[in-house]
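What the sequence shown shows, in the working numbering, is residues 177 to 934, in sequence order.
Just so it is clear, CB atoms sit at the ideal spot from N, CA and C, and this is done for glycine as well.
Everything below concerns the one structure shown next.
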Amino acid sequence: MMRTRLAAIVVCAATALVVASPADAQMFTVTFLHTPPSEVVEGKDVEITGNIIGADQVSIAALMYRRPGGEFTVTELALVSGDRYRGVIPGKAVVPPAIEYYCYAVDFEGNRHVIFASEKKPQRVKVVSLEELARRAKVELPDEVKESRKKRHAKKKPKAEKRKRPAKKESTKVTAEICGGAALERCPLAVSVVDGDQILAGGYSTLAEVLDRMAGLSVSRTVSGGYRVSMRGVQGGADVLVLVDGQPLNHGYDGEVLFEFPAEAIERIEVVREPVTGLVGHGTVAGAVLVRTRRTGKPVASAAWGRFNHTRVHGSGGWEKGGVELGGQLQFVFDQGSNREVERDVLSGIGSDDPLSDVSNTPAPVDDFRMQLHAQLHGKLKDLGGGTLGWLGRYLWQRRGALIGKFDSLDSGSRLQQQLVQMGLDYRLPVVEKLNLYSRLDFDARFDSDRFQVIAGGEGHAYYPAQDPSQDPPVTVLLEDGLSESRSADVYRLSGAIGIDWLLPGGSDFGAEVASTYLRLGGIEYERSTGEVTCPQGGLLVQGYLLQCGTTTQPAAQRVTVDVLVKDYWKDMLVEGLDLLAAFRLQWASDYGIALGPQMAVGYNPWRWLGFRTSYSMSFRGPTMLELHQDAGFDPIRAVAGNPDLGPTTLHNWSAGLTSRLGTEGVSVSGRAAFFMSFVDGFISPVDPGGGTPRFRNDESVRLMGLELEAEATFGRRSRLLVNGSWFRARVEPAGGMQASYLTDVPQLRLNLVMDLE
Numbered sequence: 177m178m179r180t181r182l183a184a185i186v187v188c189a190a191t192a193l194v195v196a197s198p199a200d201a202q203m204f205t206v207t208f209l210h211t212p213p214s215e216v217v218e219g220k221d222v223e224i225t226g227n228i229i230g231a232d233q234v235s236i237a238a239l240m241y242r243r244p245g246g247e248f249t250v251t252e253l254a255l256v257s258g259d260r261y262r263g264v265i266p267g268k269a270v271v272p273p274a275i276e277y278y279c280y281a282v283d284f285e286g287n288r289h290v291i292f293a294s295e296k297k298p299q300r301v302k303v304v305s306l307e308e309l310a311r312r313a314k315v316e317l318p319d320e321v322k323e324s325r326k327k328r329h330a331k332k333k334p335k336a337e338k339r340k341r342p343a344k345k346e347s348t349k350v351t352a353e354i355c356g357g358a359a360l361e362r363c364p365l366a367v368s369v370v371d372g373d374q375i376l377a378g379g380y381s382t383l384a385e386v387l388d389r390m391a392g393l394s395v396s397r398t399v400s401g402g403y404r405v406s407m408r409g410v411q412g413g414a415d416v417l418v419l420v421d422g423q424p425l426n427h428g429y430d431g432e433v434l435f436e437f438p439a440e441a442i443e444r445i446e447v448v449r450e451p452v453t454g455l456v457g458h459g460t461v462a463g464a465v466l467v468r469t470r471r472t473g474k475p476v477a478s479a480a481w482g483r484f485n486h487t488r489v490h491g492s493g494g495w496e497k498g499g500v501e502l503g504g505q506l507q508f509v510f511d512q513g514s515n516r517e518v519e520r521d522v523l524s525g526i527g528s529d530d531p532l533s534d535v536s537n538t539p540a541p542v543d544d545f546r547m548q549l550h551a552q553l554h555g556k557l558k559d560l561g562g563g564t565l566g567w568l569g570r571y572l573w574q575r576r577g578a579l580i581g582k583f584d585s586l587d588s589g590s591r592l593q594q595q596l597v598q599m600g601l602d603y604r605l606p607v608v609e610k611l612n613l614y615s616r617l618d619f620d621a622r623f624d625s626d627r628f629q630v631i632a633g634g635e636g637h638a639y640y641p642a643q644d645p646s647q648d649p650p651v652t653v654l655l656e657d658g659l660s661e662s663r664s665a666d667v668y669r670l671s672g673a674i675g676i677d678w679l680l681p682g683g684s685d686f687g688a689e690v691a692s693t694y695l696r697l698g699g700i701e702y703e704r705s706t707g708e709v710t711c712p713q714g715g716l717l718v719q720g721y722l723l724q725c726g727t728t729t730q731p732a733a734q735r736v737t738v739d740v741l742v743k744d745y746w747k748d749m750l751v752e753g754l755d756l757l758a759a760f761r762l763q764w765a766s767d768y769g770i771a772l773g774p775q776m777a778v779g780y781n782p783w784r785w786l787g788f789r790t791s792y793s794m795s796f797r798g799p800t801m802l803e804l805h806q807d808a809g810f811d812p813i814r815a816v817a818g819n820p821d822l823g824p825t826t827l828h829n830w831s832a833g834l835t836s837r838l839g840t841e842g843v844s845v846s847g848r849a850a851f852f853m854s855f856v857d858g859f860i861s862p863v864d865p866g867g868g869t870p871r872f873r874n875d876e877s878v879r880l881m882g883l884e885l886e887a888e889a890t891f892g893r894r895s896r897l898l899v900n901g902s903w904f905r906a907r908v909e910p911a912g913g914m915q916a917s918y919l920t921d922v923p924q925l926r927l928n929l930v931m932d933l934e
């Protein structure tokens, strides 16, 4: 797919309005708090570590250093964890009499801000020579040290004055949050990142559209208008964990994801295309999608209108004073849909060509209507008890058509409604230098109300056979209002965690966490209605099944989980460029027992332009509440009975790949390649026992292998060319000696091309 954005083009189908406040309203008040060293030793690395107050406004941070009177050299001020950042001045630059440095940060709009000292007034640190250090200790320098210093000084000759070269333009470094903020090319996991500028340039409207353009992913619509995602061949919403600002977007009942989340609300998407149960948690059999929403103090508004009355409105802004930050955003979407007419479908003519017996609702239009409202508030209270308290509240309401709908019915009045309420609190406290204590409390509630117009009313589709015990043979009933089926469900989730981040000597970033989650399904209510027409006492005979009218309630259910996580990330272990990431998660769940999630990844970057990585992980995904508790009695045609004896699905994954990054001034080219093999056991799928109701079981195994390739070139101000492709092969092995087959309902070979020009 190719998308081109040229500033000079005015698109007739859409108009946009952007309102920005003056420069003094940007409220970028970021400070790098740390204690500068009073003096350092010649030839020794100098570590600059501290907390960036206001780190949520920072895209990247940098440390600039020089010898007095020389040119500044830039190095990354890397994110360690939370608000903690670390930079290193290499020992070869640390020579008497002093070293000077200052720090700056770049916000999410590309603006550069000084956060400590300045270029004109840098921080000066005295450098103690080895001779001075020996005199203080009242010892003699070793002879070999003296000799090497004499040779080094003897080789120095007067040099002709060179013309100063202009300082190179700093490029924005892409980091991987899953790897503790390390540069993307150094992360030993298969990670891809899309930022807010790329989302804006691509013209994407939903999270689903962004993900469908990424390597290793395939996003498609379901019959009822929802979405399903496949990552490296593993398909199912519950198998890919989607976190928005750390809170799950997956439904607590069936694990499905609300992929219509508005793209305007997103600042950054990080896709981890391999299992990360050990790092992120339950539900990452295939991988994880980490979404970060926009945080901006500058007021921004936009509006657009297009075909099918597609209307989009966006607004955001913020306020900050002293140690208090407040911000928010709002999006509204309306789309009438294409309402494309369908003359016939696969059900046309089933049973009989007589409309009285035909189960198809054709000819009729599809229904792709959608209305959505998303509102979000966030804030921070700094210097509270020595730490920082953050909070977030989100509300998302959506109502849409069923596209084709249940029983493959077309546009006949089906409406699906979802509401999401999320709230979160987090507190981070620096205990001692390089050791942070954090805690987190999250709550979310989902309220669903779905109504499917299974049989349309009106002439030609109004007659349906009915069963009445008092009459033999059964009579035919005129369904003037058709037949509708409704489902309403409430799901609540409360989770809390406490943990530590500890930057140990030698570049080790250690973390530990204990977390617990309470999930409650507040019951599901089903209703089948014939409108104003009285439903026969014996029910309706539909496709050979006798369906009862009225209301049925599925009992409430609950789950409690407790997680213990330990992780460590060693940078430059043993040799420079060698990184090791290790994690282990132990989970206990009240309804499926104990599950383990160990993980290890190794990355080696011998050169700046080339790196290698390999990883192994064992992940798990517990059964959803639907798979455990669904009652198939109300809908024997389509429903699958729950199974309370289900265990978790487990996956063993091995991956190997390489990364490359080349660049000159103004042009940067990067490439990534990965090969993977996955072994899924206990895959949860519906099994038909033969003549009875299908039931969920841990009966299938899946064997997968595949290859992913990515190449990206950035040039100019914000121009980009992206090419990615993926291929996989999946073999499904059912239990009981049944014949194996290959998975074919997911695209096995994909190629994407994206071009943004400015």
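I'd like to check one pair, residue j with residue i: are the Cβ atoms closer than 9 Å?
i	j	result
P424	D620	yes
P824	M794	no
V742	L757	no
D739	Q719	no
S615	I700	no
T935	D421	A query on residue 935 cannot be resolved here, the shown segment of the chain reaching from 177 to 934 and no further.
V433	V452	no
R483	L393	no
V350	I275	no
A237	L255	yes
A439	V386	yes
G459	N426	yes
Y702	S660	no
A441	Q552	yes
G687	G658	no
List the whole-angstrom C-beta distance separating residue i from residue j, where the pair is believed to meet the contact cut-off of C-beta under 8 Å.
i	j	result
D745	C355	In the sequence as displayed, the identity of residue 745 is Tyr instead of Asp. With a Cβ gap of about 7 Å, Y745 and C355 count as contacting.
F926	S902	Checking the sequence, you will find Arg at residue 926 rather than Phe. Sure, about 5 Å apart at Cβ, within 8 Å.
R575	R627	Incorrect: roughly 10 Å between the Cβ atoms, too far for contact.
R761	G428	So it is not a contact: roughly 20 Å between Cβ atoms.
E361	G787	6 Å
R814	K582	7 Å
I860	P799	6 Å
V290	Y278	7 Å
E446	A352	7 Å
G503	H554	5 Å
DSSP has residue i in a bridge; who is on the other side?
i	result
H427	H427 pairs with nothing; no bridge assigned.
D371	R444
E703	S662 and T727
T469	I442
R907	R879 and Y918
H486	G482
T869	Bridge partners of T869: none, in fact.
M547	F510 and R575
N928	N900
T947	As displayed, the chain neither begins before 177 nor continues past 934, which places residue 947 out of reach and without an answer.
D755	G779
D739	A691 and Q763
E934	Per DSSP, none; premise fails for E934.
Please report the residue range of the alpha helix (DSSP H) in which residue i lies.
i	result
V308	The question names Val, but residue 308 is Glu in the sequence shown. Run containing E308: L306 to A313, per the alpha helix (DSSP H) assignment.
In the DSSP assignment, find the unbroken beta strand (DSSP E) run with residue i in it and report its ends.
i	result
C711	Per DSSP, C711 belongs to no beta strand (DSSP E) and is neither H nor E.
I354	Premise fails: I354 is in no beta strand (DSSP E) and is neither H nor E.
R604	R591 to V608
W783	G769 to W783
S257	A254 to S257
I291	R288 to F292
M407	Y403 to M407
N174	The structure shown does not extend to residue 174, since the chain is modelled only from 177 through 934, so no value can be given for it.
E276	A274 to D283
G263	R260 to I265
M240	V234 to R242
Inside the region 374-400 only - alpha helix (DSSP H) runs reaching at least 4 residues
Fully contained in the region 374-400 are the following alpha helix (DSSP H) runs of length 4 or more, in chain order: 383-387.
Restricting to runs no shorter than 3 residues, where is the beta strand (DSSP E) found entirely within the region 789-867?
DSSP runs (the beta strand (DSSP E)) wholly in the region 789-867: 825-840 and 843-863.
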